[in-house]
Amino acid sequence: MILDIVKYGHPVLRQRGARIETITPEIKKLITDMFATMEENHGVGLAAQQVGIAKQLTVIDVRGVTDRPSTLELEGQPADVAEIMPLVLINPEVKPVGEAVKGPEGCLSFPEIFGDINRPESVDVKALDAKGKPIAFRCGGLLARAVQHETDHLNGILFIDRMDKKTKQELQPELDELAAQTKASLKK
Ligand code: ZN
């Protein structure tokens, strides 16, 4: 089922997600629906908050992007990114590795709004997968950016919070308009 995507201005985007302790049938259904919703909207990642649910769950798939490379290491060895795609992260913990790099980002909760964001080039990730099994990997490039963007969502943090002042100031009128539209639609 394709779910509605929550837009900027909705309070759920600022909520920290609750940890998931058991993979219930409801969580399994949510994962399936989130992948369908992400694909329908041509996204690389989607967090539970973006479909209105404040839980520590995100789905990611970078295979559709060919012009921005990703890297993966499993147990210290280079691995094929496709091996862990599509990726489900439950209760993820992310540790930065190396220097921050600037890269363009968008977000399905901010249609047509893009900005350059500084983030560590690589990260170490620990999480549970869709079956509740612990997974750990190091990733870089676009995948590292997606993991960080989505993990931020799970903590109520949005990419606009990480923009430099000038970029955010330039986008402010669009952001204000989007938030106003969202709030108006919530009143209906
Ligand atoms: Zn986002």
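Using my numbering, you'd call the opening residue of the sequence shown number 1217 and step up by one each time.
Ideal placement from N, C-alpha and C gives every residue a C-beta, glycine not left out.
- Listed in chain order, the beta strand (DSSP E) runs fully inside the segment 1344-1404 are 1350-1356, counting runs of at least 3 residues.
- Within a 10 Å sphere around the beta-carbon of Asp1277 sit 16 or more other beta-carbons, which makes this residue buried.
- The beta-carbon distance between Leu1391 and Ser1325, rounded to whole angstroms, is 11 Å. This is too long to meet the 8 Å contact definition.
- In this structure the segment 1290-1309 touches the segment 1346-1361; the number of beta carbon pairs closer than 8 Å is three or more.
- Residues of the same chain with a CB within less than 6 Å of the CB of Asn1334, apart from the 5 flanking positions on each side, are Ala1316, Lys1318 in chain order.
- Thr1253: member of the alpha helix (DSSP H) spanning 1241-1256, first to last residue.
- The closest heavy atom of the ligand ZN lies 8 Å or more from the beta carbon of His1226.
- Relative to Leu1262, the option among Ala1362, Leu1394, Met1301, Asn1371 whose CA is nearest is Ala1362.
- Distance check between Pro1336 and each of Glu1328, Ala1346, Ile1329, Val1310 places Val1310 closest, using alpha-carbon atoms only.
- In the DSSP assignment, Leu1324 falls outside any beta strand (DSSP E), carrying neither H nor E.
- Residue Val1304 holds the alpha-carbon nearest to the alpha-carbon of Phe1251 among Val1304, Gly1268, Lys1223.
- Of the residues assessed, Asp1368 falls on the buried side of the cut-off, its CB having 16 or more other CB atoms within 10 angstroms.
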